[in-house]
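Visitor:
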Amino acid sequence: MKISKVEFAAVLLAAVFLAFTGGWFLRGATQAQPVWVETERTLAQETPIVFTPAPTETAAAPTDTPAAPSAAGANTGKVDLNTATAEELMTLPGIGEKRAADIIAYREANGPFRIPEDLTRVSGIGEGILAGLIDQVTVSQEEETP
Numbered sequence: 005m006k007i008s009k010v011e012f013a014a015v016l017l018a019a020v021f022l023a024f025t026g027g028w029f030l031r032g033a034t035q036a037q038p039v040w041v042e043t044e045r046t047l048a049q050e051t052p053i054v055f056t057p058a059p060t061e062t063a064a065a066p067t068d069t070p071a072a073p074s075a076a077g078a079n080t081g082k083v084d085l086n087t088a089t090a091e092e093l094m095t096l097p098g099i100g101e102k103r104a105a106d107i108i109a110y111r112e113a114n115g116p117f118r119i120p121e122d123l124t125r126v127s128g129i130g131e132g133i134l135a136g137l138i139d140q141v142t143v144s145q146e147e148e149t150p
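Residue numbers (this note's numbering): 5 to 150.
(1) Is T142 helix, strand or coil by DSSP?
(2) To which residues of the same chain is T136 closer than 6 Å at the C-beta, ignoring the five residues directly before and after it?
(3) Is it right to say I107 is buried, meaning 16 or more other beta carbons lie within 10 angstroms of its own, or is it exposed?
(4) In whole angstroms, give me the CA-to-CA distance for N114 and D139.
(5) What is the residue span of the alpha helix (DSSP H) that T114 lies within?
(6) Taking just the CA atoms, how far does V39 sit from I119?
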């Protein structure tokens, strides 16, 4: 069986193509490519977390002052959406007397906010207003009593 020059050229071109394609896909197979992850914000720990085991404690004495419900917001300088008064809400950018009243009415009708983004469910507050105040608000997680 004899092959013509055209058939030989076609087989040769196919072999060269396969060799090139194989080399293309196998290049760098021995080296792992780095993975880059881009984030929108950089998370930084403001204070280091240090764990020191406490000695065995006896029953703690009750304190005279109950924990303030807005303690979570007071420590960080953020306004707690679940406990803030209308005056505290009006300190936020884009929130006036009407929107503060709407936030409180929504909170009373639907229960506490779970995440700050739930604020967009209040009429008159959209993504634009939320973007301006998202870094200044927080929500407290109320513990359920059995």
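Even for Gly, the Cβ is constructed at its ideal location relative to N, Cα and C.
Guide: Based on what the coordinates show:
(1) Judged by DSSP in its simplified three-state form, T142 adopts strand.
(2) First, the residue type needs correcting, since residue 136 is Gly and not Thr in the sequence shown. Excluding positions up to five away in sequence, the list reads P97 and G98.
(3) I107 is buried by the Cβ-count criterion.
(4) Taking the straight line joining both Cα atoms gives about 23 Å.
(5) The question names Thr, but residue 114 in the sequence shown is Asn. Start and end: E101 to N114.
(6) Spanning the two alpha carbons is a distance of roughly 31 Å.
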